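Sequential numbering from 861 applies to the sequence shown in our numbering. Here is the structure we will look at.
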Amino acid sequence: MAFEVDKFEVEIEKLFKYSVDHLLPGRRLIEGLNSEEVRKLIGVSSILSLSDAPEDLALAYEVISRLVESSSNEKTKIVQAADIIFSRIGNFPGRSLLRDRYRELEKYSPSLLLSLERIAREAENTVADEVMLTDFQHKLYTSLENQKSVSVSAPTSAGKSFILNLDLVRRLKFGAEENIVYIVPTRALISEVSSRIRRTIKSKEIHGVLVRTAPFPLKDSQNIKNVIYVLTPERLLSLLKPENNKKRITSIFIDEAHEIQKGNRGITLQSAVDLALDKHPLASILFASPLISNPGYFLSLFGRQEEGLFFTETVSPVSQNLLLISEVARQPSMINVSLLAGGRGVNLGNTSVDFSFRGSRTKQRALFANEITESDESTIIFADGPGEAEKVAEELLAVNKEFFISEDVKDFISFIKTEVHEDYPLAVSLASGVAFHYGVMPSIIRSGVEDLFKAGEIRFLCCTSTLLQGVNLPAKHIVIENPHSGTKPMSRSDFLNLSGRAGRLLQEFHGNIWCIRPSEWEEESYKGENLQEVRASMEKLMDDGGSIIQSLMSGEIDADKKDFAEAGFSRLYREIIENEESEVIKKYQTVENSEVLAQNLKHVQDLTLTLPQEILESHSSLRPDHLQILYDKLYGAVYTEEFSLLNPFSVGGYHRMERAIEIISDVFQWAESQKFRSWVCYLAHQWATGTPINVLIKDRVNYIRRQDDFSTRTSTIIRQLLGIIETDIRFKLVKYFSAYEDVIRYCLQMKGVSDDEAKQAAYHTFLEFGACSPIELSLMSLGFSRFTALRLGKMLDWGDSVEVEDYASVIANSNIESLKIPRVCIKEIKEIIGQQ
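Shown next, in the form of structure tokens:
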């Protein structure tokens, strides 16, 4: 007979209310639990922990962990029961936290039967090096060991990254791996993942492994046994170009695989994985996603369903309190609070706040975050964009004045003032324990913020949707109000991804998500199913037959949808080329979309392309007809070689780059304003030749001021400049120049020019990394930030270094502490070469 939880609903609801009451502003005192209620609740948790149903195991954890944190005369009995229950449900991180807090458990000896049960569970979940894993982690680890293709979905805090590290170690020690590719959705995540992998390799004393963050091919070397590439989908496409694709890829890890459902980047991810598996069909593959209902979808999408395993985990070793905060009519200093947790909703009533819950929403969010955050806690405040993140941080400065900053923070502040700009607001806010974090920040600054936050040196962090793309920044509290991801209201899946960062594994049993005015949210992403279905962006685009492609071809498309439509058109072309047309029709056609689909198929059939397939594959986000136009334009020139790209420092290098940008603008219909194009060209050349970011910022601020514009804040000017560098130069121009280089090289080869003479200066690399010196590019491919690479490149004697590993060896044999370079750079160097 099934256990009837409903009989204990009164006690469970009382426990839930009591467990969160201390979190609320106003500090109300409500009645605690008596001994009989505690006894019943221990029994409920114990019985539920024997179940196989995920919802029962989750509730077992909710009940016992909340009892552990409650004030009770039965504390000894509670923690002893919790030790058994955590073991039973396989939550060994929770048990470790319990034992750290309650040292008396070291002397606890349960009955023989319970002791045997506990020992058996420990043995079941223990793997190499005596590491105890949760049930989910153990299943994932053994699946990766035994299966060629795996797709897994789990909560953000379930510990996927930890298992991927263990699996990497296993693969490297086994010795069968050559090239491992780890795909992350954005550049912002490359640094975190590559650093984590380097630390793991160092701690396990594995030698002969090179971690690379750039798609540069590796030449044969006796010292290098394995290479791990940490790349974005765009960089993977570059690695797969014929001239770079020299060694077989043996394993592919796709982190945040659910990003395949998002716009043109989702289509690029799908195309990159398709191409990788086409060129390396024997590679093993893992898809990791947060809380999706259909992880098997990835295996079928990429033809691995016959040889793969997929599963979903819903139980997290850290759970969340979802607290809904609403206004109280005619009482601006009161709020109403409701709790969503453990599959139930609990009304907690009204409580007071020490500020007016009216007026500026930005200010209210800051004041509310300050009121719920204890002095030893950390809080993330979500913002819809970089400007809003800075505004929330500014509001927090007024209320978080009493904050002690360490020497590390002082040094970082000095670094920001000197190397970014003295008026960059982060330099001011850090002194009060407040910071912001967004995608267009210089990578060394963003990484520095992340490190300080993890170290507890930052109390409040104002973040944008960059946090959704896998950056590991867990916090005690997350404050959210009507959130957006880009310009659209945040989806349920993104909300779950964000909220999963509330609660730090091995530090807390629960995290807290505070949702401000939920009734006013454009999308009620705070409620709904926890498991969301994922579908590839391309499939969603073709639901209506691809009407967005029609708009693209007619020239009547919104600017913000153009990249998505172009990627979709390019993908549709390749699918028709690689498959029978009937297969494509079968894949996408419905009764409702047949007419639109037919028109789009005709668009594709009418194309006359002479470019080789490998060029079209390498540039899958660009329209194939545009690539053909570029070829026709360059091949049709009398002296095609005069359009070749020269090194930026060469005589005529700037002129060749400028002319290439004019052609790119014309062919790809980008930057059609001559004024904007001229500025971007100048800025791109400065960036590619290694001009420091502080010089670029200072020049831009001075230029704006010379235009008699003193109304625009310096922080806004800095943000705008960083945005142009990240979006127009490091993303758009990179993909355009990559295509330009390949097409003009092919043109020259077709005209009889030798392969060596047809080679082009690699502007797509220069622009993405912000340097054109082989030394600096080699250093950045090792994982160094642009800032550190530019300085380090001028400080050491590199001798006859040619390969990346040569540069790594020079650094490892140098006295790093003696370098006159900022401490943040010293820290980065030591981390990358494994000295800390």
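Ideal Cβ positions, reconstructed from N, Cα and C, are used throughout, including at glycine. Predicted, not measured: the structure shown is a model, and the values here were computed from it.
- Each residue's CA atom was taken as its position, placing GLU1426 and HIS1118 some 21 Å apart.
- MET992 carries a strand assignment under DSSP once its states are collapsed to helix, strand and coil.
- Separation of LYS1400 and PRO1141 (C-alpha to C-alpha, rounded to the nearest whole angstrom) is 27 Å.
- About 23 Å separates the CB atoms of PRO1093 and ILE1023; that is not less than 8 Å, and the two are not in contact.
- Pairwise C-beta distances place the segment 1515-1528 out of contact with the segment 1553-1568, as fewer than three of them are shorter than 8 Å.
- Pairwise C-beta distances place the segment 1260-1270 out of contact with the segment 1346-1360, as fewer than three of them are shorter than 8 Å.
- Judged by DSSP secondary structure, SER1198 falls within the beta strand (DSSP E) whose first and last residues are 1194-1201.
- The closest CA to that of VAL1662, considering only SER1633, PRO1682, CYS1685, is found on SER1633.
- An exposed status is given to ALA1497, since fewer than 16 other beta-carbon atoms sit within 10 Å of its beta-carbon.
- Within the same chain, and ignoring the five residues on either side of PHE1424 in sequence, the residues whose Cβ sits closer than 6 Å to its Cβ are GLY1123, ASN1124.
- By the Cβ criterion, the segment 973-986 is not in contact with the segment 1389-1396, since fewer than three pairs of Cβ atoms, one from each stretch, lie closer than 8 Å.
- THR1450 counts as exposed, since fewer than 16 other beta carbons sit within 10 angstroms of its beta carbon.
- Between VAL1053 and GLU871, the alpha-carbon positions lie close to 44 Å from each other.
- Its Cα nearest to that of LYS935, the residue TYR962 stands out among GLY1371, SER1645, TYR962, SER909.
- Under DSSP, the beta-bridge partners assigned to TYR1089 are VAL1041, ARG1072.
- By the Cβ-count criterion, ASN1562 is exposed, with fewer than 16 other Cβ atoms from all chains shown falling within 10 Å of its own Cβ.
- Taking the C-beta atoms as reference points, PHE1170 is found nearer than 9 Å to LEU1159.
- CA-CA distance, THR1551 to VAL1300, rounds to 17 Å.
- Assigned with DSSP and collapsed to three states, THR1239 falls in strand.
- In the three-state DSSP reduction, CYS1632 falls in the coil class, being neither helix nor strand.
- As for any alpha helix (DSSP H) of minimum length 4 sitting wholly inside the segment 1315-1396, the runs are 1352-1359, ordered along the chain.
- With three or more CB-CB distances shorter than 8 Å, the segment 1365-1384 counts as touching the segment 1172-1192.
- The C-alpha of HIS1370 lies about 15 Å from the C-alpha of LEU1356.
- For SER1614 and PHE1597, the gap between their C-alpha atoms comes out near 21 Å.
- Per the coordinates, the alpha-carbon of GLY1209 lies some 20 Å from the alpha-carbon of SER930.
- In this structure, the straight-line span from the alpha carbon of PRO914 to that of ILE949 is close to 10 Å.
- The C-beta distance from GLY1316 to PRO1150 rounds to 25 Å, too long to fall under 8 Å, and the pair is not in contact.
- Per DSSP, the unbroken alpha helix (DSSP H) holding VAL1464 starts and ends at 1454-1465.
- Bounds of the beta strand (DSSP E) holding ILE1145 are 1144-1149.
- Within the same chain, SER1051 come within 6 Å of SER1307 by CB-CB distance, once the 5 residues on both sides are set aside.
- For LEU1183, the enclosing beta strand (DSSP E) covers residues 1179-1187.
- Contact between the segment 1239-1256 and the segment 1281-1290 is established, with three or more Cβ pairs separated by less than 8 Å.
- Taking 9 Å as the cut-off, the Cβ atoms of ILE1232 and VAL1339 count as close.
- Taking a cut-off of 8 Å on C-beta distances, the segment 998-1015 does not touch the segment 1098-1109, as fewer than three cross pairs fall below it.
- Bridge partners of SER1013 according to DSSP: SER1149, THR1172.
- Here ALA1148 is actually not in contact with ILE1112; their C-beta atoms are around 11 Å apart, not less than 8 Å.
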